[in-house]
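Notes for the one structure printed next.
Residue numbers (my numbering): 667 to 1351.
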């Protein structure tokens, strides 16, 4: 008999504490998108149902890794459904890169890895990385110390080469948000102090830190005080670039030029560019601002009252009533040059303003950058930017400056998906449409084009500057397709196919919300799914694409789940896909956020091609209350960012819900973890 662990004090799989500090209780408010555009969730529903009928709804079995600690749980049983003959299970080994014993779902307060693998904590919140920064002391923390220490709640990770320094790389990490309840003893949410606010400002932003590999194993350790080590915070200087830079919409009393911003907020996922920089998506920036009143603010989820952290009490730029344009200066893709600690990071307005989950880059056939990004909100859209200038190869300052301007010229598009079945056949129940298909086509709708001579809007009634600042409204106007919280979007470097992680949307088809159509498997979608998108002719700059359902998450026993056609009796249960990445073999790796199956979040690998396409295996789980972020999968090492461990409703410094990573009596700390094979061989081979 299967048992399901209760989800205690959670909202849609996240704790209420996470909702407060990460996204400003977004799920408790109406979705900002009230347009009548079609909903992408609807496009997949009938297709999924057809595949579910064709595949076995067998009981999932997951092999537990040797030595797994904590409670082992299995996914909850689905409602009884007739079983049908499924695809014959391929014989032989798993796909190269995925040959490990999958970790069983569990609730252990640790990072659980497969048998034969080891791990180490690379860097924790508060570890000093800059010269002069003191050792971490949570009881005596001050803003000046935090500004020289590794930030809080690490999310996106990048590792870049460091020529001339053997066994060393540059690790870049996002610090998405702060959870003051878990940072400060005796924190009073109604009366935070200025010092607490300033510490939080210093704990946001980005960290760049050189790490060194142990020659005897796969461990990574920080190289403190390295000249490339850097902290970027909520008060660091940034440069606005692109069509909206200098616009009246971006000018404030502190910056009458509209070109200089202090700080970056809520950096979620990101990407690494072919020219050696990192990109960082500003996501739930809305929660930091107070006292908004305009319709444009409402479309971005900015509240009318006080903010959760009350920063407006200490800096008027967070008070929209006093500085109405300050929120317009957040919600962009940030570009950082990790090789130049003195460089000013850039916010690229040409890539649009919305809740960027991340930004991933590929090149066109002639060397122009293409950037994919999702807007992580219920019923919002996903986008593509196609650059107008070619990347230059080589070194030198002139080449570097040219490449740093690549994301300022080009065209920003938003996606519109179309199902292949008549609308009358799509009723949201999962009934199979007459054509038996569950795929469709799509088009990239242009919003704005920027060149060296100026920018042109493609949206009626909006200027180019308005499109860049109010990109969500531009998507509304052109009829973009509503999505189930589009998160990370990653092109497969081996095949060119693009994978879109859609985390969940429990509001879909509920009440007056948009109903199902052919691009989403379920109403009240709590487990999420992944779309596979193929650009026409496999050209990154194409304006047409085809899409198909790759994975529909949940309990494999549930007939509504789907794993690219692979037999469901031999896959790991998965819920709420969030960040995705590729390993050197072309397998897709998926980290989760908000598991609705009663176990902790984790990292999963799945084959994307060959006879084992769709075989999904869990590689690790994270501690109590934590989310799996990152991830990075190299030949011999996997890195994950363990974000917000211990973030369970009711938890505090005085009453911790987790003792990770340093054990009882120590404050819980977000951290980066490296995992490697104990025998030193490649991951999963």
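All C-beta atoms, glycine included, are put in the ideal place defined by N, C-alpha and C.
Note that the coordinates shown come from a computational prediction; the quantities given were computed from them, not determined experimentally.
Worksheet entry | Cut-off 7 Å between Cβ atoms - residues of its own chain near residue 860, not counting five sequence neighbours on either side | Closer than 7 Å at Cβ, skipping near neighbours: 980.
Item to complete: Could you pull out every unbroken alpha helix (DSSP H) segment of at least 4 residues lying fully inside the stretch 812 to 856, listed in chain order?
Response: Counting only runs of 4 or more, we get 846 to 849.
Worksheet item: Does the separation of the CB atoms of residue 1036 and residue 1146 fall below 8 Å?
Response: Not a contact, by the Cβ cut-off of 8 Å.
Practice prompt. Just tell me which of 1079, 1127, 1093 has its CA closest to the CA of residue 1111.
Written response: Ranking 1079, 1127, 1093 by Cα distance to residue 1111 puts 1079 first.
Item to complete: For the beta strand (DSSP E) holding residue 915, just list the boundary residues, first then last.
Response: Going by DSSP, residue 915 is part of no beta strand (DSSP E) at all; its letter is neither H nor E.
Item to complete: Determine, using beta-carbon pairs with one atom in the stretch 867 to 875 and one in the stretch 914 to 925, whether at least three such pairs fall under 8 Å.
Response: no
Item to complete: Assuming residue 664 contacts residue 1169 (C-beta within less than 8 Å), just tell me the rounded distance between them.
Response: Because the chain here runs from 667 to 1351, residue 664 falls outside it and cannot be looked at.
Worksheet item: By Cβ distance below 7 Å, which residues in the same chain neighbour residue 973 in space, the five residues on each side in sequence not counted?
Response: 953, 954, 955, 956, 984
Worksheet item: Who are the near neighbours of residue 812 in its chain, counting only those whose CB is closer than 6 Å to its CB and skipping five residues on each side?
Response: Excluding residues within five positions, the ones whose Cβ falls inside 6 Å are 865, 868, 869.
Worksheet item: Are the Cβ atoms of residue 1136 and residue 962 separated by less than 8 Å?
Response: yes
Worksheet item: So what's residue 1108 in DSSP terms, helix, strand or just coil?
Response: strand
Worksheet item: Can you name the residues that DSSP bridges to residue 790?
Response: Answer is 1337, bridged to residue 790.
Practice prompt. For residue 1234, name the three-state secondary structure that DSSP assigns.
Written response: helix
Fill in: Touch test, the stretch 842 to 851 against the stretch 894 to 904, Cβ-Cβ under 8 Å, three pairs minimum
no
Practice prompt. Check each candidate in 925, 774, 1128 and name the one with the smallest Cα separation from residue 905.
Written response: Per the Cα distances, 925.
Worksheet entry | Unbroken beta strand (DSSP E) run spanning residue 1153, endpoints | 1152 to 1157
Worksheet item: Are the Cβ atoms of residue 789 and residue 1338 separated by less than 8 Å?
Response: yes
Worksheet item: Is it the case that the CB of residue 1281 approaches a heavy atom of the ligand ZN more closely than 7 Å?
Response: The ligand ZN is absent from the structure shown, which contains no ligands of any kind.
Fill in: residue 1158 vs residue 1252 beta-carbon contact at 8 Å
yes
Practice prompt. For my contact list, residue 795 and residue 895 are in at a C-beta cut-off of 8 Å; report their separation, rounded to the angstrom.
Written response: About 5 Å; that satisfies the 8 Å criterion.
Discussion item. Quick check on the DSSP output: the beta strand (DSSP E) that includes residue 1245 runs from which residue to which?
Written reply: 1243 to 1248
Worksheet item: For the beta strand (DSSP E) that residue 946 lies in, which residues bound it at each end?
Response: Boundaries of the beta strand (DSSP E) harbouring residue 946: 944 to 948, taken from the DSSP string.
Discussion item. Using 8 Å as the threshold, is the C-beta distance between residue 1034 and residue 1056 below it?
Written reply: yes
Worksheet entry | Residue range of the unbroken beta strand (DSSP E) whose run includes residue 1309 | 1304 to 1309
Discussion item. Let me make sure I understand the geometry here. Which of 891, 1191, 997 has the alpha-carbon closest to that of residue 929?
Written reply: 997
Worksheet item: Helix, strand or coil: which one does DSSP assign to residue 1005?
Response: coil
Worksheet entry | Beta-carbon gap between residue 698 and residue 964 smaller than 8 Å | yes
Discussion item. For a test of the three-state rule: what should DSSP assign to residue 1172, helix, strand or coil?
Written reply: coil
Discussion item. Please return the same chain residues whose Cβ sits closer than 6 Å to the Cβ of residue 1051, not counting the five positions on each side in sequence.
Written reply: 1017, 1037, 1076, 1078
Worksheet item: What residues in its chain sit with their C-beta under 6 Å from that of residue 1204, if we drop five residues either side in the sequence?
Response: 1162
Worksheet item: Rounded C-beta distance between residue 913 and residue 1131? I'm assuming under 8 Å.
Response: 4 Å
Practice prompt. Grab me the residues of residue 1322's own chain with a C-beta within less than 6 Å of its C-beta, minus the 5 sequence neighbours each way, in chain order.
Written response: 1312, 1334
Fill in: Contact under 8 Å by Cβ, residue 765 with residue 805
no
Worksheet entry | Candidates 1305, 1191, 939, 684: closest to residue 1072 by CA position | 939
Practice prompt. Excluding the 5 residues preceding and the 5 following residue 853 in the sequence, name in chain order all residues of the same chain whose CB lies nearer than 6 Å to its CB.
Written response: The residues are 846, 847.
Worksheet item: The beta strand (DSSP E) with residue 1085 in it runs from where to where?
Response: Where residue 1085 is concerned, the enclosing beta strand (DSSP E) stretches over 1076 to 1085.
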